[in-house]
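Read the structure below first, then the notes.
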Amino acid sequence: MLSPIQQGVETAKNLLDTAESQEKTLSIYKLIMDGGLGGQIIIGILFVLLALALYIYFERFLAIKAASKIDKNFMNLIKEQVSQGNLKVAKQL
Numbered sequence: 129m130l131s132p133i134q135q136g137v138e139t140a141k142n143l144l145d146t147a148e149s150q151e152k153t154l155s156i157y158k159l160i161m162d163g164g165l166g167g168q169i170i171i172g173i174l175f176v177l178l179a180l181a182l183y184i185y186f187e188r189f190l191a192i193k194a195a196s197k198i199d200k201n202f203m204n205l206i207k208e209q210v211s212q213g214n215l216k217v218a219k220q221l
């Protein structure tokens, strides 16, 4: 009676050992291709959104960088216009 139980335990151990030693790998390309048409559409949309986000990020970054440049002659221009009596021109600067 103990023998069938021991056999069952040994069989279970062997199955667990083989199951643990088998490691399955899956490449990103295979994952995308095996995802079906819906998965491919979703991945495509995500790539388009990534490109759009990167474009907006760098466009804003460059615009802020350009706008933050300080003209060293700016105050001199305003003083010159005020001293000449051109207040409207000084305000526009």
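Each residue of the sequence shown is one higher than the one before, counting from 129 in this note's numbering. Cβ coordinates follow ideal geometry from the N, Cα and C atoms, glycine included. Being a predicted model, the structure only gives us computed values, none of them experimental.
Whole-Å CB distance - residue i paired with residue j, under 8 Å assumed
i	j	result
Gly166	Ile160	Gly166 to Ile160, Cβ: 11 Å. No contact.
Under the three-state DSSP convention, the category residue i falls into
i	result
Gly163	coil
Asn142	helix
Asn204	helix
Ile192	helix
Lys219	helix
Gly213	coil
Leu154	coil
Ile198	coil
Nearest to residue i (by Cα), restricted to the options the options
i	options	result
Met203	Gln220, Leu177, Phe189, Asp162	Gln220
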